[in-house]
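S.K.: Mind looking over this structure? Questions follow.
In the UniProt record's numbering, the protein residues as written are 1 to 221.
See below:
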């Protein structure tokens, strides 16, 4: 006979994955809006953010209710806490998609740099691959996959440094590029931070399975 708390946790899992897919769609749209200079797509990302925020709010309320009314212990409690914490990381990812969209609206097409565009798109594709994989790892509670995904983040850090160098060099040689250079740096920073939030989710998967907080894939630069 299935326990009532099992049904409740399954509902939390389903909403978490739904939220994750919404975030992935927003981030993917943000990368496309940058690649194609699609201002309308950028506006749609900003408008859709409330839907994702509502998922996080609902998950916060449901996890609090389950903890208060069911007094879960051991693995159940770990998973509930992990969903609560990881949903906060998803919400931050969505916020970064919105921030990227806002920067896309500011970029002037005639002052864009093809080399930086290519690096940012590559970085964005890496982040999207990490996000899709972490949702799979969460669905399957696969801590080995989660650890592997966290290790992928080092590649994003390297691309970020390359973007920063290119942007700073262009600003030095062409002061008129300063505004676009700053926008590019902000977009790259949002993507770099997105990789960090996905790494956080990987850590919550490991916590759910192992019962201990493990720091994964951290690179200071």
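Ideal Cβ placement from N, Cα and C applies to all residues, glycine included.
Every value quoted in this text rests on a predicted model; they were computed, and no experiment measured them.
Helix or strand or just coil, what does DSSP make of residue 121?
M.R.: helix
S.K.: If you draw a straight line from the C-alpha of residue 140 to the C-alpha of residue 9, how long is it?
M.R.: One C-alpha to the other measures close to 14 Å.
S.K.: Which one of 29, 30 and 63 has the shortest CA to CA distance from residue 7?
M.R.: 63
S.K.: Just the Cα atoms here: how many angstroms apart are residue 132 and residue 82?
M.R.: The alpha-carbon atoms of residue 132 and residue 82 are separated by roughly 18 Å.
S.K.: Run through DSSP, which three-state label would residue 113 get?
M.R.: DSSP places residue 113 in coil when its eight states are reduced to three.
S.K.: Is the Cβ-Cβ distance between residue 184 and residue 163 less than 8 Å?
M.R.: With respect to residue 163, residue 184 sits close: the two C-beta atoms are nearer than 8 Å.
S.K.: Under a three-way DSSP split, which group does residue 141 fall into?
M.R.: coil
S.K.: Would residue 98 be called buried (16 or more neighbouring beta carbons within 10 Å of its own) or exposed?
M.R.: With 16 or more other Cβ atoms within 10 Å, it is buried.
S.K.: From residue 34 to residue 196, what does the alpha carbon distance come to, in whole angstroms?
M.R.: 21 Å
S.K.: Helix, strand or coil for residue 84 per DSSP?
M.R.: helix
S.K.: Buried or exposed, going by whether 16 or more other CB atoms sit within 10 Å of the CB of residue 20?
M.R.: When all chains shown are included, residue 20 counts as buried.
S.K.: Helix, strand or coil for residue 3 per DSSP?
M.R.: It is coil, neither helix nor strand.
S.K.: Would you give the residue range spanned by the alpha helix (DSSP H) that residue 210 belongs to?
M.R.: 178–210
S.K.: Identify every run of the alpha helix (DSSP H) within the region 58–107, keeping only runs that are complete inside it and at least 4 residues long; order them along the chain.
M.R.: 74–106
S.K.: Does the structure place the region 74–89 close enough to the region 119–127 that three or more beta carbon pairs sit under 8 Å?
M.R.: Counting Cβ pairs under 8 Å, fewer than three are found: no touch.
S.K.: Measuring CB atoms only, is the region 101–115 touching the region 36–51, in the sense that at least three cross pairs come out at less than 8 Å?
M.R.: yes
S.K.: With C-beta atoms as the reference, is residue 199 less than 8 Å away from residue 150?
M.R.: yes
S.K.: Nearest by alpha-carbon distance to residue 166: which of 31, 26, 180 and 194 is it?
M.R.: 180
S.K.: When we look at the beta-carbon of residue 222 and count the other beta-carbons within 10 Å, is it buried (16 or more) or exposed?
M.R.: The structure shown does not extend to residue 222, since the chain is modelled only from 1 to 221, so the question has no answer here.
S.K.: Please report the straight-line C-alpha distance between residue 119 and residue 159, rounded to a whole angstrom.
M.R.: 7 Å
S.K.: Closest to residue 32 by C-alpha separation, out of 117, 14 and 143, would be which residue?
M.R.: Nearest option by C-alpha distance: 117.
S.K.: Note down, in chain order, each residue of its chain lying with its Cβ closer than 7 Å to the Cβ of residue 217, except the 5 sequence neighbours on either side.
M.R.: 150, 151, 153, 154 and 199
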